[in-house]
Amino acid sequence: MLLAGAAVLPFLVLRRRRAQERDAPAWACGFAASPPWLPFGDPVTQYGAASFAQPVRRTLGTLMLASERSTQADPGSATPARLVAGFTDPAESLLFIPAARVRLRLSSAFDRLQFLTVRRTLSLMFAVLLLFLTAIAVLEAL
Amino acid sequence: MSTALGFVAFVLHVALMLAAAPVVAGLVRWLKARLIGRAGPPPWQPWREIVRLSRKQPVVAENASFVFRWAPYVVFAATLAAAALVPSFALHMTTAPIADLIVLAGLLSLGRAALALAAMDVGTAFGGIGASREMTFAAYAEPALVLTIFTFALLVSTTNLDSLAAQLHDGAFGLRVSLGLSVLSLLGVALADAGRLPVDNPASHLELAMVAEAMVLEYSGPPLAVLELSAHLRLLLWMTLIGTLFAPVGLVPADAGPAAWLGGLLAWTVRTLALSAALAMLETTLAKMRVFRVPEFLGVAVLLALLAVVFLFVSQGFA
Numbered sequence: 449m450l451l452a453g454a455a456v457l458p459f460l461v462l463r464r465r466r467a468q469e470r471d472a473p474a475w476a477c478g479f480a481a482s483p484p485w486l487p488f489g490d491p492v493t494q495y496g497a498a499s500f501a502q503p504v505r506r507t508l509g510t511l512m513l514a515s516e517r518s519t520q521a522d523p524g525s526a527t528p529a530r531l532v533a534g535f536t537d538p539a540e541s542l543l544f545i546p547a548a549r550v551r552l553r554l555s556s557a558f559d560r561l562q563f564l565t566v567r568r569t570l571s572l573m574f575a576v577l578l579l580f581l582t583a584i585a586v587l588e589a590l
Numbered sequence: 011m012s013t014a015l016g017f018v019a020f021v022l023h024v025a026l027m028l029a030a031a032p033v034v035a036g037l038v039r040w041l042k043a044r045l046i047g048r049a050g051p052p053p054w055q056p057w058r059e060i061v062r063l064s065r066k067q068p069v070v071a072e073n074a075s076f077v078f079r080w081a082p083y084v085v086f087a088a089t090l091a092a093a094a095l096v097p098s099f100a101l102h103m104t105t106a107p108i109a110d111l112i113v114l115a116g117l118l119s120l121g122r123a124a125l126a127l128a129a130m131d132v133g134t135a136f137g138g139i140g141a142s143r144e145m146t147f148a149a150y151a152e153p154a155l156v157l158t159i160f161t162f163a164l165l166v167s168t169t170n171l172d173s174l175a176a177q178l179h180d181g182a183f184g185l186r187v188s189l190g191l192s193v194l195s196l197l198g199v200a201l202a203d204a205g206r207l208p209v210d211n212p213a214s215h216l217e218l219a220m221v222a223e224a225m226v227l228e229y230s231g232p233p234l235a236v237l238e239l240s241a242h243l244r245l246l247l248w249m250t251l252i253g254t255l256f257a258p259v260g261l262v263p264a265d266a267g268p269a270a271w272l273g274g275l276l277a278w279t280v281r282t283l284a285l286s287a288a289l290a291m292l293e294t295t296l297a298k299m300r301v302f303r304v305p306e307f308l309g310v311a312v313l314l315a316l317l318a319v320v321f322l323f324v325s326q327g328f329a
């Protein structure tokens, strides 16, 4: 509460002093206004999500094994310049895929338990019961 | 009585921060000019600029939304709230219970995010380039700050700035390697966050090197004055924070009374002057880094902070 009050007080003072504002085209360091057929500006010159993320991607690139390949057209050639960027997350190849492989192996190993005969299932349950009772006896003795 | 004194100290502290912030920024500018043999404008020049800007009629881009109009006030409110939490001359002010380092980091992030949104609002390329660079730097500066907070949490068992400063003031911890590493890390973060050299040149309008200046390019008049004041406040906030954490000499409890506050004020002035001089020296000897070198610089800050945590953990565990 105190914090909000402290923050709002100067805000009110400054807000009240504000003169009537005037609308004008965006300044953009003196660049020309966008042409009439592109009323919201040329999308090529605007910042999109990819351009916003580019510095982070480039600087963290070594960590994420990013790759960037640019092809510049030769002088006089009409082929476009291309920038291909991509990355492989090391967590995927080092962590997620091995973990998934282990899970698959374990589950297929335990899957066999579902197809035992009645006699074997009952013996297994009995054995587990004995195991637990022994474990409790040992724990209580301690 | 002590509650009333705490409140008076708090009000004085906020007034001091507001009044001194442009002067400190001007002082650094003046010192830099003197160091390279120019006369330089007087230290109160930023105040003149703020007053001049606040009298002008603002020009707003036609396609600006409410984000653009309100962001300067959000930035200012967040920065002032953060500055109000950092004790300058008196401890145990009214804001002491909420003066948490994590809250402080959050408020600074709030200001940064509001400014980045405002920069992108009009849709010009400069705003976007500034915002994306600022956010890239933040992606490195914030982990370093959080790790430094963690160091203090391990050392003093609290993240409350007020009790932190009080315990460090009592000298219960002496000199620590971890504190030395933390101060280096925090200095790097401060340089990046306040937009000073070698991360960003506050005096430059060279378009491709701009970060903070690029974000406020579309602002004019009073909103620009508010943003400038916020930027100055941010610089003073970092100076006060580093001074309070690493050289908490002369901090007095708020209930010691106005006579004792004068001593605290003197100590704060000395600390701020020393840090301003150091900043001016640094800025005259260093060139601005390339944008893609900054993450390396801040990466060193992160590593130093991490090293501080590891050293501390190895030497004392979770005790």
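First to last, the protein sequences are chains H and V. Take the numbering used here: the final residue in the first sequence is number 590, and no numbers are missing along the way. Take the numbering used here: the final residue in the second sequence is number 329, and no numbers are missing along the way. Think of the CB as a built atom: it goes at the ideal place given N, C-alpha and C, for glycine as much as any other residue.
Any chance you could list the alpha helix (DSSP H) runs of at least 4 consecutive residues sitting entirely within the segment 208-283 of chain V, in chain order? Within the segment 208-283 of chain V, the runs of alpha helix (DSSP H) that reach at least 4 residues and sit entirely inside it are, in chain order, 222-225, 231-256.
Who pairs with Val70(V) in a beta bridge, going by DSSP? Asp471(H)
Out of curiosity, what's the CA-to-CA distance linking Pro503(H) and Thr146(V)? 6 Å
In terms of residue numbering, what span does the beta strand (DSSP E) encompassing Val576(H) cover? Element bounds for Val576(H): not the beta strand (DSSP E) but the alpha helix (DSSP H), 566-589.
Report the residue from Ala29(V), Ile46(V), Leu15(V), Gly50(V) whose alpha carbon sits nearest the alpha carbon of Leu292(V). Ile46(V)
Would you mind working out which of Trp40(V), Pro32(V), Asp210(V), Phe99(V) sits nearest Pro263(V), comparing C-alpha positions? Phe99(V)
Would you give the residue range spanned by the beta strand (DSSP E) that Gly534(H) belongs to? 530-535
Name, going along the chain, the residues of the segment 286-304 of chain V whose beta-carbon falls closer than 9 Å to a beta-carbon of chain H. Val301, Phe302, Val304
Taking one C-beta from the segment 222-232 of chain V and one from the segment 264-275 of chain V each time, how about it: are there three or more such pairs within less than 8 Å? no
Can you check which of these residues, Gln468(H), Thr493(H), Asp471(H), Pro483(H), is closest to Gly133(V) by C-alpha distance? Thr493(H)
Answer with yes or no whether the minimum CB distance from Asp471(H) to chain V is below 8 Å. yes
Using CA atoms only, rank isn't needed, just tell me which of Gly16(V), Tyr229(V), Ala106(V) is closest to Ser64(V). Tyr229(V)
Buried or exposed, going by whether 16 or more other CB atoms sit within 10 Å of the CB of Glu588(H)? Under this definition Glu588(H) is an exposed residue.
Range covered by the alpha helix (DSSP H) that runs through Lys42(V): 12-45
Would you mind listing the beta strand (DSSP E) stretches within the segment 137-184 of chain V that are 3+ residues and don't spill past its ends, in chain order? none
Would a check of beta-carbon distances place Phe500(H) closer than 8 Å to chain V? yes
Whose Cβ in chain H lies nearer than 7 Å to the Cβ of Arg143(V)? Pro503
For a contact defined as C-beta to C-beta under 9 Å, what are the partners of Leu118(V) on chain H? Going along chain H, no residue has its Cβ under 9 Å from Leu118(V), so there is no contact; the nearest lies around 14 Å.
8 Å CB neighbourhood of Ala94(V) in its chain, flanking five on each side removed: Phe20, His23, Val24, Met27, Thr105
Measure from the alpha carbon of Leu155(V) to the alpha carbon of each residue in Leu127(V), Ile139(V), Ala176(V), Ala115(V), then state which is nearest. Shortest Cα-Cα distance from Leu155(V) to any of Leu127(V), Ile139(V), Ala176(V), Ala115(V) involves Ala115(V).
Could you check where the alpha helix (DSSP H) with Pro305(V) kicks off and where it finishes? 304-326
Are the C-beta of Trp485(H) and some C-beta of chain V separated by less than 8 Å? no
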